[in-house]
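Residue numbers for the sequence shown follow numbering that gives the first Met the number 0, beginning at 0 and rising by one. The block underneath contains the structure these notes are about, expressed in structure tokens.
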Amino acid sequence: MGNFEIYDIPLKELSEGTHEYEFLLDDKFFEELEGPEIGKGNVEAFVSVKKTAHAFEIDFDLQGSITIQCDRCLDDMNLDVDCEERFLVKFGDEYSEEEGNLIVVPEAEGAINLAWYLYECIALRIPIRHVHPAGECNEAMVAKLRNHIATSADDDELYDNGEDEEDLTPLDSEEKAIDPRWEGLRKLIDNN
């Protein structure tokens with residue numbers, strides 16, 4: 000894990016009011032953080048810390064792009080980042096994360112490091128399924144996928160790479176011999 004002291008916010012030293020911070024989350028940040036999802040990126044992080052009598056409101060506004068792996072072809076792909084997040088920080092005896100975006104920081108420490116929270120804010124915005132737009136996937140990998148999958152009508156859109164539907168069937172599937180044990184099932188399906 001890298002050195003992330005620049006992301007420390009000295010909460011105890013802040014005067015009442017709003018304090019603004021700006022960070023650049025670049026390739027080095029993502030590499031040193033060693034997060035599982037994001038390998039590279041260029042994200043500007045605007046952080047606002049508002050100190051009130053008993054708590055701190057921290058707002059993130061993150062804008063930029065990250066590089067993640069395409070689920071289909073495994074090549075790198077860019078994903079735009081535009082997210083906002085707010086959480087509340089209070090002092091307590093020991094560190095804990097409570098429900099509703101509440102973080103308790105030990106009063107003895109008096110500071111919070113935002114590096115992981117910034118990363119998490121971005122990582123949680125990555126779609127569950129992230130693939131290149133149609134036609135942009137690595138052709139060699141898509142061809143290998145077609146050779147190793149059995150496609151159905153539902154799968155056609157998953158492996159559509161801007162090609163005609165007839166091209167999506169496995170390349171070596173020229174009427175393969177069917178196991179006789181399954182022939183009876185095929186007849187039942189065809190009759191319905």
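We put the beta carbon where it would ideally sit given N, CA and C, even for glycine.
CB-CB length for V46 against Y20, believed under 8 Å: Position 47 of the sequence shown holds residue 46. Position 21 of the sequence shown holds residue 20. Sure, about 4 Å apart at Cβ, within 8 Å.
Determine the extent of the alpha helix (DSSP H) in which Y20 is found, giving its start and end residues. For this step, residue 20 is matched to residue 21 along the sequence shown. No alpha helix (DSSP H) contains Y20, which is instead part of the beta strand (DSSP E) from 16 to 24.
Is E120 helix, strand or coil by DSSP? Residue 120 sits at position 121 when you count from the first residue of the sequence shown. Note that residue 120 is Cys in the sequence shown, not Glu. Here C120 sits in helix by DSSP.
Which of helix, strand or coil DSSP assigns to R180: Translated into positions along the sequence shown, residue 180 becomes position 181. Note: R180 maps to helix in three-state DSSP.
Starting from the C-beta of S199, find all residues in its chain whose C-beta is less than 7 Å away, skip the five residues before and the five after it, and write them out in chain order. Residue coverage of the chain in this structure runs from 0 to 191, which leaves residue 199 outside it and unanswerable.
Should the region 127 to 134 be called in touch with the region 99 to 115, which here means at least 3 C-beta pairs below 8 Å? no
Based on DSSP bridge pairs, tell me the residues matched to K50. Position 51 of the sequence shown, counting from 1, holds the residue named residue 50. K50 pairs with G16, F55.
Measuring alpha carbon to alpha carbon, tell me which residue in L61, I125, K27, Y116 is nearest L78. Taking the sequence shown and counting its residues from 1, the one referred to as residue 78 is at position 79. The candidate whose alpha carbon is nearest that of L78 is I125.
What is the rounded straight-line gap between the Cα of D189 and the Cα of I148? If you number the sequence shown from 1, residue 189 lands on position 190. If you number the sequence shown from 1, residue 148 lands on position 149. Those two C-alpha atoms are separated by around 22 Å.
On the premise that C69 lies in contact with C120, defined as a C-beta separation below 8 Å, what is that separation, rounded to the nearest angstrom? One-based indexing of the sequence shown puts residue 120 at position 121. One-based indexing of the sequence shown puts residue 69 at position 70. Taking a contact as a CB-CB distance under 8 Å, the pair C120 and C69 does not count as one, their CB atoms being some 22 Å apart.
Give me, in chain order, the residues of the same chain whose beta-carbon lies closer than 6 Å to that of K49; leave out the 5 immediate sequence neighbours on both sides. By 1-based counting over the sequence shown, the position of residue 49 is 50. Around K49: T17, E56.
Return the chain-ordered list of same chain residues with a C-beta closer than 8 Å to the C-beta of E15, the five sequence neighbours on each side being excluded. Start at 1 with the first residue of the sequence shown, and residue 15 comes out as number 16. Counting only Cβ-Cβ distances below 8 Å, and skipping sequence neighbours, we find K50, T51, A52.
Please list, in chain order, all residues of the same chain as E84 whose beta carbon is under 7 Å from its beta carbon, the five residues on each side excluded. As a first step, residue 84 must be located in the sequence shown, where it is residue number 85. Excluding sequence neighbours, E84 sits near F59, C120.
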